[in-house]
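Structure, as structure tokens:
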Amino acid sequence: MGDSKLILCCFIACILFLGVNGENPYRYITWKVTYGDIYPLGVKQQGILINGQFPGPHIDAVTNDNLIISVYNYLNEPFLISWNGVQQRRNSWQDGVSGTNCPIRPGKNFTYVLQVKDQIGSFYYFPSLLFHKAAGGYGAIRIWSRPKIPVHFPSPAGDFTVLAGDWYKRNHYVLRRLLDSGHNLPFPDGLLINGRGWNGYTFTVDPGRTYRFRVSNVGLTTSINFRIQGHKLKLIEVEGSHTLQNTYTSFDIHLGQSCSFLVTADQIPQDYYVVASTRFTRRVLTTTAVLHYSNSKRGVSGPVPGAPTIQIAPSVMQARSIRWNLTASGPRPNPQGSYHYGLITPSRTIMLSNSAPYINGKQRYAVNGVSYVPADTPLKIADYFKIPGVFNLGSIPTWPPSGNNAYFQTSVMAANFREYVEIVFQNWEDTVQSWHIDGYSFFVVGMNGGQWTPASRSSYNLRDTVARCTTQVYPRSWTAIYMALDNVGMWNIRSENWARQYLGQQFYLRVYSPANSWRDELPIPKNALLCGRARGRHTRPF
């Protein structure tokens, strides 16, 4: 009788799993992660390559596809990959950050099993541990709409990826030692477009045709401005949200953000500059790629087109101009505007304030006075096995404390499944902040200068603001978001400035459901790596 019950349980489990994932295609990917010599700024460096490539290979998927990604770590350090913008519905087990996953040890491998559930759009993956991001290991993720779901623009003649961001000539372990010693990073040495420096990459277009450019800021420390000499940028998508098709001559993209433009090759056939430059920096770094008309007989010429540098007001106005296309379909056939986010009253308000304290004489960064330190066991795994002493719920306050004191803590904030929350990011520093929330897309309802107060809600856009996963906060300003906590798990909330993240400007939000049901959260993967205080335990039999 016992054996028959076990067989029945296994059968039911398989039916439940296949009911979720079985009808959607599976894509199998194998990655070998190695060191290799790269020369992005003309100087030999030790880069992190995926299948011998820098940047790494694209991931192309269609809404609801299942991705089976086997990662083999040939580095001499532990390694993890995370998926910026992929929501991991019910499945923070696959998020690939230190709070959810044990690292892949040197010479070992791990297979991620994730689904791009109910998502479309432009995202990227990156290495999340040990400042590896400064050595490469990143690449584009493109999630396409299902064939039967209409999109609000004609199919472009081509689809280009632009991975742009600042870069250092020093190897990642040198930068890491600098941060560990209590110092901040120096100013970057340059900017890259698709892993190359000045005029090092070419996009070839046919005259009169329209192309999609998916642009991500994969840098470490600076916002960028993107533009193409003589051409207009028609915005169509921001991190999985279809937007009103506003046209820009240049566009600010903050750390960790991604967006898509349509660009029509409607100029005299020749070559044109594709430009990225730093924003809000006294010293402006610039790099270029080339837009090459297929019948061009003339190379790039003339001055590189300019753009705003330190001015904040144009960037704020541009950010407020990004609007949700209410009639366009998202990953499902129903219009995006059928979800009336502004008619839901938040159950509570959380305020998060960043700071740059010195603790024990060393530079650190903090959220609400707490500078995050990683635990010896991933928080998600410790939570599953109920291992005491790894973290405490409520170890970070939901409101900035008075005073300037800061302290170390493995900070975890408690939240309940299906709450609807208002989060205010308050920035009293003189630099632009960029915040990312794993597992979610949220509505950026407002941003303004000064101190947020309840009266600030009168300026909120409660009708057609964009839903995204990364938002900027301007100097001495605030940004407010609405977010439905509809995804159970342990989710990283972090600065996208990688030095700040590394030195403590992050924490985890534990979204909890008492149901303990596969309907709310998938079970621990059978192949989950176990480390720290979970070493020697077992995941599950099937």
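Take the sequence shown: its letters are residues -22 to -1, 1 to 520, numbered as in mature numbering (1 follows the signal peptide of the UniProt record, and there is no 0). The beta-carbon is built from N, C-alpha and C at its ideal position, and this holds for glycine as well. As the structure is a computational prediction, the values presented were derived from the model and not from experiment.
Starting from residue i, follow its DSSP beta bridges and name the residues at the other end.
i: L371; result: V390
i: R205; result: V253
i: Q411; result: V451
i: residue 521; result: Within the shown structure, residues of the chain are numbered from -22 to 520, placing residue 521 beyond reach of any answer.
i: N51; result: V11
i: Q23; result: I16
i: E400; result: T327, Y460
i: C237; result: V193, V216
i: P105; result: I59
i: A118; result: Y102
i: L169; result: D144
i: N405; result: N332, S455
i: A445; result: F421
i: F485; result: I471
i: I231; result: I202
i: R174; result: I171
Taking its Cβ as the centre, do 16 or more other Cβ atoms sit within 10 Å of residue i, making it buried, or is it exposed?
i: G20; result: exposed
i: R446; result: buried
i: residue 521; result: Since the first and last residues shown for the chain are -22 and 520, residue 521 lies out of range.
i: N142; result: Note that residue 142 corresponds to Ala in the displayed sequence, not to Asn. A142 should be labelled buried.
i: I47; result: buried
i: residue 522; result: Absent from the model: residue 522. The displayed extent of the chain is -22 to 520, so no value can be given.
i: Y102; result: buried
i: R174; result: buried
i: L45; result: buried
i: R513; result: exposed
i: R518; result: exposed
i: A306; result: buried
i: S419; result: buried
i: A433; result: exposed
i: L371; result: exposed
i: I288; result: exposed
i: I246; result: exposed
i: V368; result: buried
i: Y486; result: buried
i: C(-9); result: Only weak support exists for where C(-9) lies, its pLDDT of 44 falling under 50; the coordinates are left without a value.
i: K504; result: exposed
i: N338; result: exposed
i: P311; result: exposed
Excluding five sequence neighbours on each side, which residues of the same chain lie with their C-beta closer than 6 Å to the C-beta of residue i?
i: F229; result: F204, L211
i: A267; result: I171, Y179, V252
i: F403; result: L330, W413, V451, T457
i: G510; result: D354, T355
i: I7; result: I47
i: G(-4); result: Residue placement at G(-4) cannot be trusted, given a pLDDT of 39 that sits under 50; what the coordinates show is reported in the next sentence. No residues qualify anywhere along the chain.
i: Y226; result: L211
With a CB to CB cut of under 8 Å and the five nearest residues on each side skipped, what residues in its chain are close to residue i?
i: N224; result: K212, L213, S299, I300, R301
i: L(-7); result: Legend: pLDDT at L(-7) = 39, less than 50; position of this residue unreliable, value from coordinates given subsequently. Hits under 8 Å: W496.
i: P375; result: N346, G347, V348
i: V49; result: W9, V11, F57, I59, I82, N87, F88, T89, Y90
i: R454; result: N405, W406, E407, D408, G427, G428
i: I502; result: W71, I359, Y362, T517, R518
From this set, the options, which residue's C-alpha is nearest residue i's C-alpha?
i: G381; options: L357, G280, V262, V348; result: V348
i: K111; options: G99, N62, T388; result: N62
i: W406; options: T388, W430, R261, Y418; result: W430
i: F239; options: F131, Y460, A344, P311; result: F131
i: Q411; options: T449, D15, T8, Y317; result: T449
i: D15; options: V262, G115, D43; result: G115
i: L233; options: D249, T200, A512; result: T200
i: K126; options: F369, A360, G308; result: G308
i: I415; options: Q387, A254, S60; result: S60
i: T188; options: D244, C80, V368, D408; result: D244
i: V196; options: I471, C80, P33; result: P33
i: residue 605; options: I459, L508, P311; result: In this structure the chain extends from -22 to 520, so residue 605 is not present and cannot be described.
i: S255; options: F165, I246, D249, T265; result: T265
i: I26; options: L53, N338, G168; result: L53
i: D96; options: G85, W122, G77; result: W122
Can you find the residues in the same chain that come closer than 7 Å, C-beta to C-beta, to residue i, ignoring five residues on each side of it along the sequence?
i: H36; result: G117, A118, R120, T139
i: L440; result: G320, V423
i: L304; result: P313, Q314, G315, D442
i: E499; result: R68, V466, G467, S491
i: T221; result: L213, I214, E215, I300, R301, W302, N303, V444
Is it a yes or a no for the stretch 491 to 503 touching the stretch 464 to 471, going by three-plus beta-carbon pairs under 8 Å?
-> yes
Quick one: any contact between the stretch 443 to 460 and the stretch 217 to 226, if contact means 3 or more CB pairs under 8 Å?
-> yes
At least three beta-carbon pairs within less than 8 Å, the stretch 263 to 280 to the stretch 167 to 187 | yes
Check whether the stretch 121 to 138 touches the stretch 68 to 83, counting contact only when three or more Cβ pairs, one atom from each stretch, lie closer than 8 Å.
-> no
On the three-pair Cβ rule with 8 Å, is the stretch 151 to 163 touching the stretch 281 to 294?
-> no
Three or more beta-carbon pairs under 8 Å between the stretch 328 to 347 and the stretch 475 to 488, yes or no?
-> yes
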